[in-house]
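Those protein sequence lines, which keep their order, are chains A and B. With numbering that gives the first Met the number 0 applied, the first sequence covers 0 to 444. With numbering that gives the first Met the number 0 applied, the second sequence covers 0 to 92. Beta carbons: idealized from backbone N, C-alpha and C, even for Gly. Accompanying notes for the structure given below.
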Amino acid sequence: MSINQWCYFFLEADASPNILSVRLRSVSDSGQARVRVAITGMGMVTPIGTGIDAVWESLMQGRSGIDTITQFDASGYPTQIAAEVRDFNPELYMDRKTARHVARYCRLGLAAARMALADSGLKPEEMGPDDVGVVVSSGAGGMEEIERGHQVLIDRGIGRISPFMVPMMITDIASGLIAIELRCGGPNYAVVSACASSGHALGDAAEVIRRGDAVAMIAGGAEAAITPLLMGAFCQLGAMSKRNDDPAGSSRPFDLSRDGFIMGEGSVIMVLEEMEHARARGARIWAELLGCGSTADMYHFTAPDPHGTGAARAMRKVMQKAGVTPEDVDYVNAHGTSTPLGDLAETLAIKQALGDRASQIPISSTKSMSGHLLGAAGALEAAACVLAIARDMIPPTINLELPDPDCDLDYVPNQARPARIDVALSNSFGFGGHNACLALGRVAA
Amino acid sequence: MSDPSADQASPTSLDFAEMQELAAEILGVDPDQVQLDVSFAKDLAADSLDIVELIMAIEDRYRVSLPEEELEHMKKVGDLWAFLLAHPATAEQ
Chain A
0 MSINQWCYFF
10 LEADASPNIL
20 SVRLRSVSDS
30 GQARVRVAIT
40 GMGMVTPIGT
50 GIDAVWESLM
60 QGRSGIDTIT
70 QFDASGYPTQ
80 IAAEVRDFNP
90 ELYMDRKTAR
100 HVARYCRLGL
110 AAARMALADS
120 GLKPEEMGPD
130 DVGVVVSSGA
140 GGMEEIERGH
150 QVLIDRGIGR
160 ISPFMVPMMI
170 TDIASGLIAI
180 ELRCGGPNYA
190 VVSACASSGH
200 ALGDAAEVIR
210 RGDAVAMIAG
220 GAEAAITPLL
230 MGAFCQLGAM
240 SKRNDDPAGS
250 SRPFDLSRDG
260 FIMGEGSVIM
270 VLEEMEHARA
280 RGARIWAELL
290 GCGSTADMYH
300 FTAPDPHGTG
310 AARAMRKVMQ
320 KAGVTPEDVD
330 YVNAHGTSTP
340 LGDLAETLAI
350 KQALGDRASQ
360 IPISSTKSMS
370 GHLLGAAGAL
380 EAAACVLAIA
390 RDMIPPTINL
400 ELPDPDCDLD
410 YVPNQARPAR
420 IDVALSNSFG
430 FGGHNACLAL
440 GRVAA
Chain B
0 MSDPSADQAS
10 PTSLDFAEMQ
20 ELAAEILGVD
30 PDQVQLDVSF
40 AKDLAADSLD
50 IVELIMAIED
60 RYRVSLPEEE
70 LEHMKKVGDL
80 WAFLLAHPAT
90 AEQ
């Protein structure tokens, strides 16, 4: 076969997705509304429940998923509590060999992806190989396998390092695993921005659909980093709560006595789908992903810009992209990690971005219940926004007993609140000064 | 071929069933599938990483060392079993 013949062959093989790309681009080029992205499925394995209904019930009841660490002996640590996923059985979602050859974050991710796909009714195996892609992110990747592998290296030498060490530790493998198991051959990678990772994953996956590179994307985050090394490292950073005798009360965003975040783990994954494709197949549309505003603080590796300027720019940017104003925003799911500096800076950011509306808009931090899922946090909180839109209820900020006078907005303290929400914003900020703000909107039936 | 002692006089106390269990656990198959005449790659869907992991487990369990040049001859379960039988001194350590 000549080179020309090869080129022709590949053009032919690519014909179907190219036609799709042209069709989608022509919509945006024609001056009509840009390609819209529907959320048609959600899956979640979290410290506050597995599956949409269990998570929603916890959010509505104000139930904390934080308790004493069971995954290793943390009794010598300054922080001995975390938000663990309990009773997770990977063999419900994958065979034993696969479960043994991937890290915990991937097991959680594959489980959530299967749930999301089932919820959406989408069948990638019956679609074109390029039609469905995956962007599932993780902040830390296979931390427990890195730590285990390093111990093996020290104790027994190079010859006993697992041949699966590399694929178990790297942060992109959840995307690869999900593509293999769920037959999704479209764009495939991870986006890493620490605790903003899954906010960016959802935002970027939506852009993949908008630019015509896929019809649907499986996107979100997966994290499982409650490990001896990472817990110790975060303790040394001074970023975590030491309220060991009161796990359920330890994550208390915007409360005067907050003393740090609580490490969490889990996975939340969504099926994003080109709106017309979703409508044509009669899919249930949970909400619309209106866009992602993405900025950098340009300030410090770990501390937030105390004025919240970078975060405010991300919030303004997404509103501009989504074509909404502060008047349109009905709810903000805060990053709200329960650190003294972070919650204050975010309050200032919300005031800058939303102006006079800031004090009228309900804001809550669901991390008060779920803990901080790091690279999966943005996806869990986007899901909280989606459910708030779909079910006309705002999840509360629990443990808000004595509000910090400098955090003087409406944080929906302690009780869920009925409200119609048409547009919600979800903030995620990561070490490195990464800011992601997602906008989610109601879709008329 | 389920009883290897019928084919080869075993000079050791090696227990084939024990090796079946070990290989089955590593390769994620049923112990009954691990028979002398089956191919690791074709019959048990083992890729090169699986083989390395299996060899590491075999080396630990039987206190043998499989040189790299031997690995390419390990196509079938029987090849591995023959190697273990041929190295009784180390196997019985």
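- Within the stretch 108 to 175 of chain A, the complete alpha helix (DSSP H) segments of 4 residues or longer fall at 142 to 155 and 164 to 168, listed in chain order.
- Judged by their CB atoms, A:Ile65 and A:Ser256 are not nearer to each other than the 7 Å cut-off.
- At a cut-off of 7 Å between beta-carbon atoms, B:Val51 makes contact with chain A.
- Setting aside the 5 residues that flank it on each side, A:Lys350 is surrounded in the same chain by Ala357, each with a C-beta closer than 7 Å to its C-beta; the list follows chain order.
- In summary, no residue of the stretch 306 to 324 of chain A has a CB separated from any CB of chain B by less than 9 Å.
- Distance from the Cα of A:Pro395 is smallest, within the candidate group A:Met142, A:Asn88 and A:Val331, for A:Val331.
- Residue contact check for B:Leu48 against chain A: a CB pair falls below 7 Å.
- For A:His276, the enclosing alpha helix (DSSP H) starts and ends at Met274 to Ala279.
- Around the Cβ of A:Ala438, a 10 Å sphere holds 16 or more other Cβ atoms; the residue is buried.
- A:Arg416 is bridged by DSSP to A:Ile393.
- Setting aside the 5 residues that flank it on each side, A:Val84 is surrounded in the same chain by Val44, Thr45, Pro46, Leu107, Glu264 and Gly265, each with a C-beta closer than 7 Å to its C-beta; the list follows chain order.
- The beta carbon of A:Ala313 sits closer than 7 Å to those of Gly292, Ser293, Thr294, Asn434, Ala435 and Cys436, all from its chain and outside the five residues before and after it, given in chain order.
- If you draw a 10 Å sphere on the C-beta of A:Leu401, you find fewer than 16 other C-beta atoms in it, and that means exposed.
- Note: A:Cys105 is not bridge-paired with any residue in the DSSP secondary-structure output.
- For A:Leu121, the closest C-alpha among the options A:Leu408, A:Phe260, A:Ala37 and A:Leu289 is that of A:Ala37.
- Contact annotation: A:Ala378 and A:Gly220 have beta-carbon atoms nearer than 7 Å.
- Residues of chain B whose Cβ lies closer than 9 Å to the Cβ of A:Ser161 are, in chain order, Leu48, Val51, Glu52 and Met55.
- Looking from the CA of A:Ser192, the closest CA among A:Arg441, A:Val442, A:Gly432 and A:Gly440 belongs to A:Gly432.
- A:Val207 and A:Thr336 have their C-alpha atoms roughly 29 Å apart.
- The way I'd put it, the stretch 87 to 98 of chain A doesn't touch the stretch 268 to 277 of chain A; fewer than three beta-carbon pairs between them come closer than 8 Å.
- The Cβ atoms of A:Arg390 and A:Asp421 lie no closer than 7 Å to each other.
- Listed in chain order, the beta strand (DSSP E) elements of length 3 or more contained wholly in the stretch 300 to 387 of chain A are 330 to 332.
- Residue state for A:Val44 is assigned as strand, using DSSP reduced to three classes.
- Residue nearest to A:Met262 within the set A:His371, A:Arg283 and A:Glu287 is A:His371 (criterion: CA-CA distance).
- Distances from the alpha-carbon of A:Gly50 to those of A:Arg113, A:Arg95, A:Cys406 and A:Ser74 put A:Arg113 closest.
- By the Cβ test, the stretch 396 to 416 of chain A is not in contact with the stretch 211 to 227 of chain A, since fewer than three Cβ pairs between them sit closer than 8 Å.
- Between A:Ser364 and A:Pro227, the beta carbon gap of about 28 Å keeps them out of contact (Cβ cut-off 8 Å).
- Straight-line spacing of the CA atoms in A:Leu152 and A:Ala195 works out to 32 Å.
- A:Ala333 and B:Ala40 have their C-alpha atoms roughly 51 Å apart.
- None of the residues of the stretch 214 to 245 of chain A has a beta carbon lying less than 7 Å from any beta carbon of chain B.
- When the five nearest sequence neighbours on each side are left out, the beta carbons in the same chain lying within less than 7 Å of the beta carbon of A:Tyr76 are those of Met230, Gly231 and Cys234, in order along the chain.
- Non-local C-beta neighbours of A:Ala139 in its own chain, meaning closer than 6 Å and more than five positions away in sequence, comprise Ala224, ordered along the chain.
- Interface annotation, A:Lys122: not in contact with chain B, CB-CB separation never under 7 Å.
- Here DSSP, grouped into helix, strand and coil, assigns A:Met93 to coil.
- At the C-beta level, A:Ile393 and A:Ala418 come within 7 Å of one another.
- Within its own chain, the residues whose Cβ lies closer than 7 Å to the Cβ of A:Ile172, once the five positions on either side in sequence are excluded, are Val101, Cys105 and Pro166, listed in chain order.
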